[in-house]
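Asks: Quick one: the structure is below, questions incoming.
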Ligand SMILES: Cc1cc2nc3c(=O)[nH]c(=O)nc-3n(C[C@H](O)[C@H](O)[C@H](O)COP(=O)(O)O)c2cc1C
């Protein structure tokens with residue numbers, strides 16, 4: 002296993018930009034481990050976690066973006082509590098990021114429309130289930146009408162999925178970084194306060 006870069010005390014100020022750069026790169030790289038983080042929400046009594054695809058990173062806005070069916074449990078929970086958590090882990094580099102964010106759900110608005118246009122037809126199909134995600138069905142393929150699964154399906158036919166398409170836009174307010182190392186783990190937390198990242202080294 003390659004040894005991760007050791008950080009010195011002066012590196013604290015440099016880390017947030019490096020971490021954002023890594024997240025930004027993950028969006029365009031299907032094999033990047035940060036491209037499929039765990040996204041956590043709560044109904045105020047218990048937490049609920051699932052893997053999502055990181056679809057967009059906007060460093061200036063501190064945005065992490067994912068897509069969901071608007072009828073999914075995670076969207077329902079975001080309606081109860083906007084605070085959501087993202088968990089990223091890179092096993093090769095042994096780096097973990099735990100990110101806290103306020104998350105807005107965009108359905109049938111300009112942001113949803115922009116992302117829907119970018120979505121390949123094969124992916125639009127995922128939002129065309131005639132019942133909400135998690136509903137029980139008779140057979141595994143029953144969720145989507147057969148004509149929408151045809152190879153020649155058109156954008157017009159798949160337009161029924163648009164109203165179920167949600168863009169989850171998380172504005173990050175805290176990043177916790179953990180670097181595992183045989184020479185001693187390193188951990189730091191960064192809070193967005195007074196328009197800057199304010200960092201602290203932590204006991205790992
Ligand atoms: C690799 C992978 C990527 C996934 N990407 C997404 C995604 O981008 N958006 C999404 O809503 N679900 C995605 N899922 C499915 C979710 O993990 C989850 O099963 C689904 O969203 C229902 O979750 P919920 O009922 O808690 O909302 C993905 C699952 C896997 C295994």
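Residue numbers (my numbering): 2 to 205. Backbone N, C-alpha and C fix where the C-beta goes; we use that ideal spot for every residue, glycine too.
1) Quick one: what's residue 189 bridged to in DSSP?
2) When the Cα atoms are used, what is the spatial distance from residue 168 to residue 138?
3) Rounded to whole angstroms, how far is the Cβ of residue 53 from the Cβ of residue 35, which I believe are closer than 8 Å?
4) What's the C-alpha gap between residue 203 and residue 123?
5) Check whether the Cβ of residue 75 lies closer than 7 Å to any heavy atom of ligand 1, and answer yes or no.
6) Is residue 53 near ligand 1 - that is, is its Cβ less than 7 Å away from at least one heavy atom of it?
7) State yes or no: is the C-beta of residue 99 within less than 8 Å of the C-beta of residue 193?
8) Residue 30 to residue 37, Cα distance in whole Å?
9) Please classify residue 108: does DSSP put it in a helix, a strand, or coil?
Replies: Well, looking at it:
1) In DSSP, residue 189 forms a bridge with 178 and 202.
2) 26 Å
3) About 12 Å separates the two Cβ atoms, so there is no contact after all.
4) 44 Å
5) yes
6) yes
7) no
8) 10 Å
9) strand
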